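> Sequential numbering of the sequence shown, starting at 966, is according to our numbering.
The beta-carbon is built from N, C-alpha and C at its ideal position, and this holds for glycine as well.
As the structure is a computational prediction, the values presented were derived from the model and not from experiment.
There's a structure below that I have some questions on.
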Amino acid sequence: MRPDDRHLPAVLDLLSDPARLWSPHGLRSLSKADPLYGRDDDYWRGAVWVNLNVLAVLRLRDLGLGMGTTEDGSEQEQVRARALSLAAGLRRNVVAAVYDSWRATGLFWEQYGDKTGEGRHSRAFTGWTACVILLLGLDLAEADDGGSASGGGGSSSTVTLSSALLIFVSLSLLVTFRRKLRGLALWAMERWRARRRDRLHGRDDGGYEEVVDLDELDGRS
């Protein structure tokens, strides 16, 4: 869809409608007004999927920033500002849902509930849920000055938001690669112990040094 498409305002209406696709935790995978919403397994029937929401944020941002210079107060300017505001609000909702669920469970989930934001279905799902990182630090220009789609609430300062995002990314990487980091630490410790044994037995670079092992002396006493 082009930024000047005449159907764009209607699409923005659909996306921002809490009775249909918009939720406090991201866009629903099925409209709340649909008869099949939340029915049966509820896999793609209302749950929030990060991959779809990331694509939506990126496209809304492009629509808002790609409309060129327009006159203040014009209809096109209003559409542009609205697209950017939706991108900013949706990004906040999605990142908050992933972060809050991770903080509560220590896991990234396959999907998130549109009512509570809790993680659901597959656990430790670092597939497309990991693409939430594409939203961290995303430049939305003036869009971050606004509130949610309904127009309420302000945002944190840039420094506070950047710090929070940095902590979130660092902790996420730590959780994701904790086993590899543990293995690396064990390998480094074993290497250190091996070199220490070599030094005790005079095999360090072919030389010989008399080394007193205090632990060994304590064991003999």
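Quick check on Ala1210: buried or exposed, where buried means 16 or more other Cβ atoms within 10 Å of its Cβ?
This structure cannot settle anything about residue 1210, because the visible part of the chain is limited to 966 through 1186.
> Buried or exposed: where does Ala1021 fall if 16 or more other Cβ atoms within 10 Å of its Cβ makes it buried?
Against the sequence shown, residue 1021 aligns to sequence position 56. With 16 or more other Cβ atoms within 10 Å, it is buried.
> Answer with buried or exposed for His972, where buried requires no fewer than 16 other C-beta atoms within 10 angstroms of its C-beta.
By one-based count along the sequence shown, residue 972 stands at place 7. Exposed, because fewer than 16 other Cβ atoms sit within 10 Å of the Cβ of His972.
> Leaving out five residues before and five after Thr1125 in sequence, what residues of the same chain have Cβ atoms less than 8 Å from its Cβ?
Residue numbering aside, residue 1125 sits at position 160 when the sequence shown is read from its first letter. Unreliable placement is indicated for Thr1125, whose pLDDT of 49 sits below 50; the coordinate value is still reported in the next sentence. Taken in chain order, the list of residues that qualify is empty.
> By Cβ distance below 7 Å, which residues in the same chain neighbour Ala1062 in space, the five residues on each side in sequence not counted?
On the sequence shown, position 97 is the one that residue 1062 refers to. Contacts found: His990, Gly991, Val1013, Tyr1077 and Gly1082.
> From Leu977 to Ala1089, what does the alpha carbon distance come to, in whole angstroms?
Mapped onto the sequence shown, residue 977 falls at position 12. Mapped onto the sequence shown, residue 1089 falls at position 124. If you take the alpha carbons of Leu977 and Ala1089, they lie about 33 Å apart.
> Kindly list the residues whose CB is nearer than 8 Å to the CB of Trp1009, restricted to its own chain and excluding five residues on each side of it in sequence; keep chain order.
Residue 1009 sits at position 44 when you count from the first residue of the sequence shown. Taken in chain order, the residues that qualify are Ser994 and Leu995.
> Taking its Cβ as the centre, do 16 or more other Cβ atoms sit within 10 Å of Phe1073, making it buried, or is it exposed?
By 1-based counting over the sequence shown, the position of residue 1073 is 108. Buried, by the Cβ-count rule.
> Where Val1060 and Arg1161 are concerned, what is the direct C-alpha to C-alpha distance, given to the nearest angstrom?
Along the sequence shown, one-based indexing puts residue 1060 at 95. Along the sequence shown, one-based indexing puts residue 1161 at 196. About 47 Å.
> Beta carbon of Val1044, beta carbon of Leu1100: below 8 Å?
In the sequence shown, residue 1044 corresponds to position 79, counting from 1. In the sequence shown, residue 1100 corresponds to position 135, counting from 1. No, these two residues do not count as a Cβ contact at 8 Å.
> Quick one: is Leu1028 buried, meaning 16 or more other Cβ sit within 10 Å of its Cβ, or exposed?
Mapped onto the sequence shown, residue 1028 falls at position 63. Classification for Leu1028: buried.
> Please report the straight-line C-alpha distance between Asp1109 and Ser1050, rounded to a whole angstrom.
Taking the first residue of the sequence shown as 1, we reach residue 1109 at position 144. Taking the first residue of the sequence shown as 1, we reach residue 1050 at position 85. The predicted model places Asp1109 with a pLDDT of 48, which falls under 50 and marks its position as unreliable; any figure quoted below should be read in that light. Each residue's Cα considered, the two are about 7 Å apart.
> What span of residues does the alpha helix (DSSP H) with Tyr1002 cover, start to end?
As a first step, residue 1002 must be located in the sequence shown, where it is residue number 37. Segment: none, Tyr1002 is in no alpha helix (DSSP H) and carries neither H nor E.
> Could you check what DSSP says for Tyr1077 in three-state terms: helix, strand or coil?
Along the sequence shown, one-based indexing puts residue 1077 at 112. Tyr1077: strand per DSSP, three-state reduction.
> Helix, strand or coil, according to DSSP, for Ser1122 in the structure here?
In the sequence shown, counting from the first residue as 1, residue 1122 sits at position 157. With a pLDDT of 38 at Ser1122, under the threshold of 50, the modelled position of that residue is not reliable, and no figure is offered here.
> How many whole angstroms separate the CB atoms of Ser1066 and Gly1084, which I take to be in contact at a CB cut-off of 8 Å?
As a working note, residue 1066 is residue 101 in the sequence shown. As a working note, residue 1084 is residue 119 in the sequence shown. So it is a contact: roughly 4 Å between Cβ atoms.
> Ala1046 to Ala975, Cα distance in whole Å?
As a first step, residue 1046 is located in the sequence shown; it is residue number 81 there, counting from the start. As a first step, residue 975 is located in the sequence shown; it is residue number 10 there, counting from the start. About 15 Å.
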